[in-house]
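I have placed the structure first, in the form of structure tokens, so that the comments after it can refer back to it.
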Amino acid sequence: MALWIHSPGGSVPAMLAIRDVMRLVPNDVSTLALGIAYSAGKFLLSAGTPGKRRALPHARVLMHQGSAGIGGTAVDIELQADDLRHTRDTVLGIIAHDTGRPIERVFEDSLHDHWYTARQALEYGFIDAIVQDFDEVGPARRDSAGFGPTRGGSGR
């Protein structure tokens, strides 16, 4: 299964649900950053199967802590802030696991918007490789007689 990502980010609960499904399916999930993998997009990029997390050479990755608008009574705000801290700690713990970085480092790096080139994303551990050739990520193609998969070529 392949998840090609070009995302400015999005909903944290939706992001966590997608990651849960990525872990539940009985297949490897390869991820590829096409242009931007910001915030929730970065989270899903690094949630791919280890060894199968990739980015195109000019892809950009953004990590930061999630944000939320809260309101209501003082009690409501306190409860929402507790939930936001719990969600933050959950997400940062998963990022630390997926990248092999200490949680303290991930926490520090996420305090402000932190932008990464594909090379920097590789060094941080968000991805495992920078794609240089379509054959690295493209589906196997069938030969012209349909006898089986081949790599590369036009199939003619």
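The numbering used here applies: residue 6 is where the sequence shown begins, and numbers increase by one. Just so you know, even glycine gets a beta-carbon here, dropped at the ideal spot from N, CA and C. Just so it is clear, the structure is predicted and the values come from calculations on it, not from any experiment.
Between the C-alpha atoms of L116 and P13 there is a straight-line separation of about 18 Å. Taking a cut-off of 8 Å for Cβ pairs, the region 65–76 and the region 39–53 touch, as three or more such pairs fall below it. In the same chain as V111, and ignoring 5 residues on each side of it, the C-beta atoms closer than 6 Å to its own belong to L97, I100 and A101, in chain order. Bridge pairing for T122: R65 [DSSP]. The C-beta distance from I82 to G76 rounds to 7 Å, short enough to meet the 8 Å contact threshold.
Annotation: L39 is outside any alpha helix (DSSP H); the continuous beta strand (DSSP E) that includes it extends over S35 to Y43.
Three or more beta-carbon pairs drawn from the region 28–39 and the region 52–63 are found closer than 8 Å, and the two stretches are therefore classed as touching. Residue pairing by DSSP places L29 in no beta bridge whatsoever. One thing to note: H11 has its Cβ within 9 Å of the Cβ of A42.
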